[in-house]
Amino acid sequence: MKKLAYLTLLTTIGLFFQCKKDAGKEEVTPQPEIVIPVDENQILKKLTVPEAETVTFDSLASNFLVKLPSGFSADEVNIKLSLYDDVSLLDSASLETSNKDLKFPYKGSIPLTLVLKKKGIATPRRYYVYVEAQGSPKIELASKEISVKQGVSYFPFKIISGLGTIPSKPDQKRAIIKLVDRTTNTVVEGTVQNVLQNVYFQDLSSLINSEKVGLDLTFDGSEPLIFDGLQLKRGVPGATISNMPFTLIKTDTLKVIGGYFDPMAAYTAGLSNDFSQGQKIINLAYQDKGNLSSKFNTDLSEGSYLVTFYENGKEMGKGVFEFSTSRTNTLETIWKGDLNLVFTRNTQPLIFNKGDIFYAKPSIVQYLWGANLPSSSFDLRLLPTLRIVNGSTTINLTPEMEVISWAIAGVSYSVGKYKLPDNLSSGSYTVTALYASQPESKPYWSKIQVR
1 MKKLAYLTLL TTIGLFFQCK KDAGKEEVTP QPEIVIPVDE NQILKKLTVP
51 EAETVTFDSL ASNFLVKLPS GFSADEVNIK LSLYDDVSLL DSASLETSNK
101 DLKFPYKGSI PLTLVLKKKG IATPRRYYVY VEAQGSPKIE LASKEISVKQ
151 GVSYFPFKII SGLGTIPSKP DQKRAIIKLV DRTTNTVVEG TVQNVLQNVY
201 FQDLSSLINS EKVGLDLTFD GSEPLIFDGL QLKRGVPGAT ISNMPFTLIK
251 TDTLKVIGGY FDPMAAYTAG LSNDFSQGQK IINLAYQDKG NLSSKFNTDL
301 SEGSYLVTFY ENGKEMGKGV FEFSTSRTNT LETIWKGDLN LVFTRNTQPL
351 IFNKGDIFYA KPSIVQYLWG ANLPSSSFDL RLLPTLRIVN GSTTINLTPE
401 MEVISWAIAG VSYSVGKYKL PDNLSSGSYT VTALYASQPE SKPYWSKIQV
451 R
């Protein structure tokens, strides 16, 4: 006999009670708790959502399905965790936190991922929380004039009720969002990103300044929501550097991607780092609506650079690259916080506190095919030691390994995890990388400011 795909555990409180609330707030419903079956790892004991009507748990996929009561329209739900000993919740930076009471702004968001780490077990356990709202989605559009650019644009949806996470159930089809020129019937389909308001469209240029644009939004199992009378305006373009290669040599071309670029606009780039005075300005040539470029026809010292892009003098984006005579391994990005920031290059100055944990990604990354691989699959010796220098003070920071899983591509790769000493003096520290098989790298574009 096939095992049931879903193990449903419902605990309800038999005594219903009334709780007086301020005007406009919902009546509190019974507090269902899910008690997790004891497994050999003993990680999560139970999960409670006070506002829920029911909560179910799929033990095979580690999915929770939270069903909200009819009429519930608050913007957040409270998720309370009960953990076994030596188990911690990891935050977005993969750091342990003692917080077990979470507020989840569920409306139009992707399902919540809970990452739980048990001492002595290398790979964290992940649980996923889906939220299902009852009734048909009620959504308004705060403005019908939408500023768009290449890639992800913001649509000011206001979710009133009837919409939980996207998807609200594991087997639910994705939301379908389309922009339509009602005159020519030109249709451009988009993809909702981390929240409903952020939508990726590959190319909206054909709809910019069209007089009759409509938006059709359809959720699985619901009637389409129709918004007419939209006006799409070209916003300030987004702009960044093409990811490959990271290290550029003098014969290379600086390639800028983004858009929507205007052939009549003037485009420039300002190159800077913490070791130079001001910006070195270079001109960018228009290639098409999504691409700009520039040859390195100016003298430029070797090193790591922050590059800021301008349209008619107005900032439109930033990027980071290394300029060198050879393609040696260096530091592509240094950042603190969310591990998912590894997929971008940090363009913010490094301002840290004593004892902070942060991450560094080599420009030549070590990767392996396969998702969620253990750290033992990678060679720690290929990660750099970071040397930080302030005057006569020189400190070498040795790496711990942090494995990033890019599940959609089926790839895992390693980055370095570092900790500043608790007794480090405040000041400005130059950062370089020490690799086993090459000379010390040029300094990273931003010094570390230690507070």
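Counted the way the UniProt record's numbering counts, the sequence shown spans residues 1 to 451. All C-beta atoms, glycine included, are put in the ideal place defined by N, C-alpha and C.
Under the three-state reduction of DSSP, asparagine 396 is assigned to strand.
Valine 192 is bridged by DSSP to Val199. In this model, glycine 238 and lysine 158 are separated by some 24 Å (Cα to Cα). In the displayed model, leucine 215 falls within a strand according to three-state DSSP.
The three-state reading of DSSP puts serine 206 in helix, counting H, G and I together.
Residue range 238 to 241 is occupied by the beta strand (DSSP E) that includes threonine 240.
Just measuring C-alpha positions, the residue of Ser206, Pro399, Ser377, Gly108 sitting nearest valine 411 is Ser377.
Cβ neighbours of glycine 135 within its own chain (closer than 7 Å, five residues either side excluded): Ser70, Ser161, Gly162. By the criterion of a C-beta distance shorter than 6 Å, valine 365 is surrounded in its chain by Tyr413, once the five residues flanking it on both sides are discounted. Tryptophan 369 is bridged by DSSP to Val411. For serine 206, the closest C-alpha among the options Ala266, Arg182, Asn340, Thr218 is that of Arg182.
Lysine 417 places its beta carbon less than 8 Å from that of glutamate 402. Collapsing the DSSP output to three states places phenylalanine 343 in a helix.
By the criterion of at least three beta-carbon pairs nearer than 8 Å, the region 40 to 50 is in contact with the region 118 to 138.
Contact check for leucine 331 against serine 441 passes: the beta carbons are separated by less than 8 Å.
The beta carbon of asparagine 63 is closer than 7 Å to those of Tyr128, Tyr130, Pro170 in its chain, skipping five residues each way along the sequence.
Per DSSP, reduced to three states, the secondary structure at arginine 125 is strand. Under the three-state reduction of DSSP output, leucine 89 falls in the strand class.
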